[in-house]
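So the structure is just underneath, and the comments pick up after that.
In our numbering, the protein residues as written are 9 to 230.
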(Lines of atoms letter the chains of each structure in order from A and count residues from 1; the text may use other names and numbers.)
(Lines give C-alpha, C1' and ligand atoms only; values in the text may rest on other atoms or scores of the structure.)
Protein backbone atom coordinates (compact mmCIF):
# COMPACT_ATOMS: atom_id res chain seq x y z
CA UNK A 1 0.00 0.00 0.00
CA UNK A 2 1.34 3.44 -0.91
CA UNK A 3 0.98 6.25 1.60
CA UNK A 4 1.64 9.99 1.54
CA UNK A 5 2.98 11.50 4.76
CA UNK A 6 2.71 15.30 5.00
CA UNK A 7 4.58 16.48 8.11
CA UNK A 8 7.05 19.36 8.45
CA UNK A 9 8.57 18.28 11.78
CA UNK A 10 11.55 16.31 10.52
CA UNK A 11 12.34 14.15 13.60
CA UNK A 12 8.70 13.03 13.85
CA UNK A 13 8.47 12.38 10.12
CA UNK A 14 11.67 10.29 10.20
CA UNK A 15 10.30 8.20 13.06
CA UNK A 16 6.92 7.69 11.39
CA UNK A 17 8.44 6.80 8.02
CA UNK A 18 10.76 4.22 9.57
CA UNK A 19 7.85 2.53 11.35
CA UNK A 20 5.54 2.58 8.34
CA UNK A 21 8.23 1.16 6.06
CA UNK A 22 8.89 -1.66 8.55
CA UNK A 23 5.14 -2.34 8.49
CA UNK A 24 5.32 -2.91 4.74
CA UNK A 25 4.09 0.42 3.38
CA UNK A 26 5.64 2.45 0.57
CA UNK A 27 5.82 6.03 1.85
CA UNK A 28 6.33 9.39 0.13
CA UNK A 29 7.09 12.33 2.41
CA UNK A 30 6.33 16.02 1.89
CA UNK A 31 6.68 19.02 4.21
CA UNK A 32 4.78 21.77 2.37
CA UNK A 33 1.01 22.11 1.99
CA UNK A 34 1.24 23.39 -1.58
CA UNK A 35 3.24 20.37 -2.68
CA UNK A 36 0.84 18.07 -0.85
CA UNK A 37 -2.18 19.61 -2.57
CA UNK A 38 -0.74 18.84 -6.00
CA UNK A 39 0.75 15.43 -5.26
CA UNK A 40 -2.33 14.15 -3.46
CA UNK A 41 -4.36 14.90 -6.57
CA UNK A 42 -1.95 13.39 -9.07
CA UNK A 43 -0.53 10.24 -7.42
CA UNK A 44 -2.56 7.08 -6.61
CA UNK A 45 -2.20 6.92 -2.84
CA UNK A 46 -4.10 4.40 -0.74
CA UNK A 47 -4.06 6.67 2.32
CA UNK A 48 -2.75 10.12 3.30
CA UNK A 49 -1.42 11.16 6.72
CA UNK A 50 -1.78 14.93 6.95
CA UNK A 51 -0.49 17.32 9.60
CA UNK A 52 -2.69 20.41 9.89
CA UNK A 53 0.07 22.86 10.83
CA UNK A 54 1.97 23.10 7.55
CA UNK A 55 3.98 25.83 5.82
CA UNK A 56 2.87 27.03 2.39
CA UNK A 57 -0.78 26.06 2.80
CA UNK A 58 -2.46 24.94 6.04
CA UNK A 59 -3.39 21.28 6.16
CA UNK A 60 -7.06 22.06 6.69
CA UNK A 61 -7.14 24.05 3.43
CA UNK A 62 -5.35 21.23 1.61
CA UNK A 63 -7.95 18.76 2.86
CA UNK A 64 -10.88 21.00 1.93
CA UNK A 65 -9.57 21.44 -1.60
CA UNK A 66 -8.97 17.71 -2.02
CA UNK A 67 -12.55 16.93 -1.00
CA UNK A 68 -14.01 19.76 -3.10
CA UNK A 69 -12.20 18.33 -6.13
CA UNK A 70 -13.54 14.83 -5.46
CA UNK A 71 -10.51 13.13 -3.93
CA UNK A 72 -11.85 10.17 -1.93
CA UNK A 73 -8.53 8.82 -0.60
CA UNK A 74 -8.76 8.16 3.17
CA UNK A 75 -7.09 10.96 5.15
CA UNK A 76 -5.77 10.62 8.69
CA UNK A 77 -5.01 14.01 10.26
CA UNK A 78 -2.43 14.80 12.92
CA UNK A 79 -3.61 17.42 15.41
CA UNK A 80 -2.43 19.14 18.59
CA UNK A 81 -3.72 17.47 21.76
CA UNK A 82 -5.01 20.76 23.22
CA UNK A 83 -7.03 21.76 20.17
CA UNK A 84 -10.42 20.03 20.15
CA UNK A 85 -11.68 22.65 17.68
CA UNK A 86 -8.93 21.62 15.22
CA UNK A 87 -10.05 18.00 15.39
CA UNK A 88 -13.68 18.93 14.80
CA UNK A 89 -12.77 21.22 11.92
CA UNK A 90 -10.68 18.46 10.35
CA UNK A 91 -13.49 15.91 10.56
CA UNK A 92 -15.98 18.41 9.11
CA UNK A 93 -13.56 19.08 6.24
CA UNK A 94 -13.59 15.39 5.31
CA UNK A 95 -10.93 13.66 7.41
CA UNK A 96 -11.59 9.97 8.09
CA UNK A 97 -9.77 9.79 11.41
CA UNK A 98 -7.29 11.71 13.55
CA UNK A 99 -4.39 11.17 15.95
CA UNK A 100 -3.47 13.77 18.55
CA UNK A 101 0.15 14.69 19.24
CA UNK A 102 2.11 13.35 21.02
CA UNK A 103 1.24 9.76 20.11
CA UNK A 104 2.94 6.39 19.94
CA UNK A 105 3.93 5.34 16.39
CA UNK A 106 2.19 1.99 16.90
CA UNK A 107 -1.11 3.80 17.46
CA UNK A 108 -0.70 5.53 14.12
CA UNK A 109 0.08 2.23 12.38
CA UNK A 110 -3.01 0.57 13.86
CA UNK A 111 -5.22 3.47 12.79
CA UNK A 112 -3.73 3.30 9.29
CA UNK A 113 -4.40 -0.43 9.16
CA UNK A 114 -7.99 0.02 10.33
CA UNK A 115 -8.67 2.84 7.83
CA UNK A 116 -7.29 0.84 4.92
CA UNK A 117 -9.39 -2.19 5.79
CA UNK A 118 -12.53 -0.10 6.29
CA UNK A 119 -12.04 1.68 2.98
CA UNK A 120 -11.97 -1.72 1.25
CA UNK A 121 -14.99 -3.15 3.05
CA UNK A 122 -12.97 -5.40 5.37
CA UNK A 123 -13.81 -5.88 9.04
CA UNK A 124 -11.15 -4.82 11.52
CA UNK A 125 -10.45 -8.33 12.82
CA UNK A 126 -7.03 -9.27 14.25
CA UNK A 127 -6.14 -10.94 10.93
CA UNK A 128 -6.95 -9.81 7.40
CA UNK A 129 -9.06 -12.53 5.74
CA UNK A 130 -9.69 -13.22 2.08
CA UNK A 131 -10.04 -16.27 -0.20
CA UNK A 132 -9.56 -18.66 2.71
CA UNK A 133 -6.28 -17.05 3.78
CA UNK A 134 -5.54 -15.22 7.05
CA UNK A 135 -2.82 -12.58 6.89
CA UNK A 136 -1.09 -11.60 10.11
CA UNK A 137 0.06 -8.05 9.38
CA UNK A 138 1.96 -7.69 12.65
CA UNK A 139 4.09 -10.78 12.00
CA UNK A 140 3.96 -10.52 8.19
CA UNK A 141 3.02 -14.16 7.63
CA UNK A 142 -0.03 -15.93 6.21
CA UNK A 143 -2.08 -18.86 7.56
CA UNK A 144 -3.45 -21.27 4.97
CA UNK A 145 -5.50 -24.28 6.11
CA UNK A 146 -4.01 -24.02 9.58
CA UNK A 147 -0.42 -23.89 8.37
CA UNK A 148 1.67 -20.78 8.97
CA UNK A 149 3.63 -19.71 5.92
CA UNK A 150 6.49 -17.23 6.13
CA UNK A 151 6.67 -14.39 3.59
CA UNK A 152 9.42 -12.12 2.41
CA UNK A 153 8.79 -8.38 2.79
CA UNK A 154 7.97 -8.06 -0.93
CA UNK A 155 5.63 -11.07 -0.87
CA UNK A 156 3.85 -9.69 2.18
CA UNK A 157 3.25 -6.29 0.56
CA UNK A 158 1.94 -7.89 -2.62
CA UNK A 159 -0.31 -10.39 -0.85
CA UNK A 160 -1.77 -7.72 1.42
CA UNK A 161 -2.70 -5.62 -1.60
CA UNK A 162 -4.27 -8.63 -3.33
CA UNK A 163 -6.26 -9.54 -0.20
CA UNK A 164 -7.63 -6.00 0.09
CA UNK A 165 -8.71 -6.15 -3.59
CA UNK A 166 -10.16 -9.67 -4.07
CA UNK A 167 -11.71 -10.63 -7.41
CA UNK A 168 -10.46 -7.44 -9.07
CA UNK A 169 -8.28 -7.40 -12.17
CA UNK A 170 -5.06 -5.61 -11.25
CA UNK A 171 -2.57 -4.73 -13.98
CA UNK A 172 1.17 -4.87 -13.38
CA UNK A 173 1.40 -1.09 -13.74
CA UNK A 174 -1.39 -0.58 -11.19
CA UNK A 175 0.32 -2.88 -8.71
CA UNK A 176 3.65 -1.13 -9.21
CA UNK A 177 2.08 2.28 -8.58
CA UNK A 178 0.63 1.11 -5.26
CA UNK A 179 3.49 -1.04 -3.98
CA UNK A 180 6.45 1.30 -4.55
CA UNK A 181 7.13 4.86 -3.49
CA UNK A 182 7.85 7.64 -5.94
CA UNK A 183 11.62 7.16 -5.74
CA UNK A 184 11.73 3.40 -6.41
CA UNK A 185 12.25 2.00 -9.87
CA UNK A 186 9.19 -0.01 -10.89
CA UNK A 187 9.91 -3.26 -12.68
CA UNK A 188 6.97 -5.40 -13.83
CA UNK A 189 9.27 -8.41 -14.23
CA UNK A 190 10.12 -8.27 -10.52
CA UNK A 191 6.39 -8.24 -9.72
CA UNK A 192 5.94 -11.36 -11.84
CA UNK A 193 8.67 -13.11 -9.85
CA UNK A 194 6.92 -12.28 -6.56
CA UNK A 195 3.57 -13.50 -7.93
CA UNK A 196 5.17 -16.81 -8.87
CA UNK A 197 6.71 -17.12 -5.40
CA UNK A 198 3.28 -16.61 -3.82
CA UNK A 199 1.79 -19.22 -6.12
CA UNK A 200 4.41 -21.76 -5.07
CA UNK A 201 3.65 -21.09 -1.40
CA UNK A 202 -0.15 -20.81 -1.59
CA UNK A 203 -1.16 -22.76 -4.72
CA UNK A 204 -1.38 -21.63 -8.31
CA UNK A 205 -5.16 -21.18 -8.25
CA UNK A 206 -5.07 -18.35 -5.71
CA UNK A 207 -3.71 -15.81 -8.24
CA UNK A 208 -5.00 -16.09 -11.79
CA UNK A 209 -3.35 -14.43 -14.79
CA UNK A 210 -5.69 -12.66 -17.19
CA UNK A 211 -3.74 -12.37 -20.41
CA UNK A 212 -3.31 -8.78 -21.53
CA UNK A 213 -5.02 -7.48 -18.36
CA UNK A 214 -3.09 -8.50 -15.27
CA UNK A 215 -3.82 -10.66 -12.22
CA UNK A 216 -6.93 -11.49 -10.24
CA UNK A 217 -6.76 -12.78 -6.67
CA UNK A 218 -9.33 -15.21 -5.30
CA UNK A 219 -11.24 -15.46 -8.58
CA UNK A 220 -14.56 -17.30 -8.39
CA UNK A 221 -14.24 -20.59 -10.35
CA UNK A 222 -16.20 -20.54 -13.58
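A virtual CB, placed ideally from N, CA and C, is assigned to each residue, including glycine. Since we're looking at a predicted model, the values are computed, not measured.
- Would you call the CB atoms of residue 82 and residue 127 closer than 8 Å? yes
- Could you give the residue range of the beta strand (DSSP E) that holds residue 115? Per DSSP, residue 115 belongs to no beta strand (DSSP E); it is in the alpha helix (DSSP H), 113–127.
- Would you check if the distance between the CB atom of residue 149 and the CB atom of residue 137 is smaller than 8 Å? no
- In terms of alpha-carbon separation, which member of 154, 153, 169 and 129 lies closest to residue 145? 169
- Message: Measuring alpha carbon to alpha carbon, tell me which residue in 43, 206 and 181 is nearest residue 194.
- Response: 181
- Message: Run through the DSSP bridge pairs and tell me what residue 138 is partnered with.
- Response: 141
- Message: Let me check one thing: in DSSP terms, what residues is residue 155 bridge-paired to?
- Response: 152
- Excluding the five sequence neighbours on either side, which residues of its own chain have a C-beta within less than 6 Å of the C-beta of residue 19, listed in chain order? none
- Query: Where residue 100 and residue 34 are concerned, what is the direct C-alpha to C-alpha distance, given to the nearest angstrom?
  - Reply: 28 Å
- Item | Inter-residue CB distance, residue 14 and residue 68 (contact presumed, cutoff 8 Å) | Not confirmed; about 12 Å, so no contact.
- Message: Helix, strand or coil, according to DSSP, for residue 88 in the structure here?
- Response: strand
- Message: Contact defined as beta carbons within less than 8 Å: I believe residue 10 pairs with residue 46. What is the distance between those atoms, to the nearest angstrom?
- Response: With a Cβ gap of about 16 Å, residue 10 and residue 46 do not count as contacting.
- Task: Could you tell me the boundaries of the alpha helix (DSSP H) in which residue 22 lies?
- Result: 18–30
- Task: Just tell me which of 41, 37 and 154 has its CA closest to the CA of residue 64.
- Result: 41
- Query: By a C-beta neighbour count over all protein chains shown, 10 Å radius and 16 as the cutoff for buried, is residue 230 buried or exposed?
  - Reply: Annotation note: pLDDT 44 at residue 230 (below 50); position unreliable, no value reported.
- Can you tell me which of the three DSSP states residue 216 falls into? strand
- Outcome for residue 220 when other beta-carbon atoms lying within 10 angstroms are tallied against a minimum of 16: exposed
- Task: Taking residue 102 and residue 119 to be in contact with their CB atoms under 8 Å, please state how far apart those CB atoms are, rounded to whole angstroms.
- Result: The pair is not a contact, with the Cβ atoms about 16 Å apart (cut-off 8 Å).
- Query: How about residue 60 and residue 115: do their beta carbons lie closer than 8 Å?
  - Reply: no
- Message: Give me the residue from 171, 97, 187 and 84 with the minimum Cα distance to residue 142.
- Response: 171
- Item | C-alpha gap between residue 161 and residue 32, whole angstroms | 7 Å
- Measure the Cβ-Cβ separation of residue 123 and residue 107 and say whether it is below 8 Å. no
- Task: Please state if the CB of residue 27 and the CB of residue 117 are separated by a distance shorter than 8 Å.
- Result: yes
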